[in-house]
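First the structure, in the form of structure tokens, and then the observations on it.
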Amino acid sequence: MSAFIARLKKNSVAIASIRQGLMLSIPLLLLGSFALVISNFPIEAYQTWLNDLFSGYAKVLLDGIYKVTFDSLALILTVTIGYSYGQGVTTSDYSIFYPLTALCCFLVFVFPSHNADVFGPEWVFTALCITLSSCWLLRKMRLLFNRVEQLYTIGAEQHFNIA
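Put into structure tokens, the structure is as follows:
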């Protein structure tokens, strides 16, 4: 059973892209984590100083950084995992279409809810599933259209007549 899991880890583009996408999102998550730690350091004198610093705007800035990074976690992971999937399956300039497609599919999926909570940590698994399925579908469509494009290129009849 462990040989199957090792082979699955080695050959799976989806697992590799999830791993790479999570690694790409670490700097943003660390930024939010440090903002939370700096904002909520448990010393009363420090909290008073932080609330008085820049008329309280320093505390507001730190809280804003924390909220932006963690309330957009699904969005960050959608883009980074889509980008990693695109880098894993193609070496051409088409890799930028994978995160764009994943982001559009996620937005279409969550549109009926009409609120901004869909980018939070509760929607990470849904974003992960939508990202992987949309990237897989985009890859299959690209392969299909590449095959059709190769069959019907300009000048194909000249090459056929030479042979």
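When we follow the working numbering, the leftmost residue of the sequence shown carries the number 6, and every step to the right adds one. Heads up, the beta-carbon is just placed ideally off N, CA and C, and yes, glycines get one too. Computed from a predicted structure; not experimentally measured.
Considering only the beta carbon of each residue, do residue i and residue j sit closer than 7 angstroms?
| i | j | result |
| --- | --- | --- |
| D76 | G125 | yes |
| A107 | T83 | yes |
| I81 | A40 | no |
| T74 | L33 | yes |
| R144 | V94 | yes |
List the whole-angstrom C-beta distance separating residue i from residue j, where the pair is believed to meet the contact cut-off of C-beta under 8 angstroms.
| i | j | result |
| --- | --- | --- |
| F111 | I135 | 5 angstroms |
| L78 | V113 | Contact doesn't hold; Cβ gap of about 19 angstroms is too wide. |
| R147 | Y99 | 7 angstroms |
Pick out the complete alpha helix (DSSP H) segments inside the segment 18 to 89, 4 residues or longer, and give them in chain order. If one requires a minimum length of 4 residues, the alpha helix (DSSP H) runs lying completely within the segment 18 to 89 are 18 to 44, 49 to 57, 62 to 76, in chain order.
For the segment 78 to 87 against the segment 38 to 45, are there 3 or more C-beta pairs whose distance is under 8 angstroms? A contact between stretches requires three or more CB pairs, one per stretch, nearer than 8 angstroms, and the segment 78 to 87 fails this requirement with the segment 38 to 45.
Three or more C-beta pairs below 8 angstroms linking the segment 138 to 149 and the segment 97 to 104: Contact holds: three or more Cβ-Cβ distances are below 8 angstroms.
Taking only runs of the alpha helix (DSSP H) that begin and end inside the segment 114 to 158, which ones reach a length of at least 4 residues, in chain order? The segment 114 to 158 contains these whole alpha helix (DSSP H) runs: 129 to 156.
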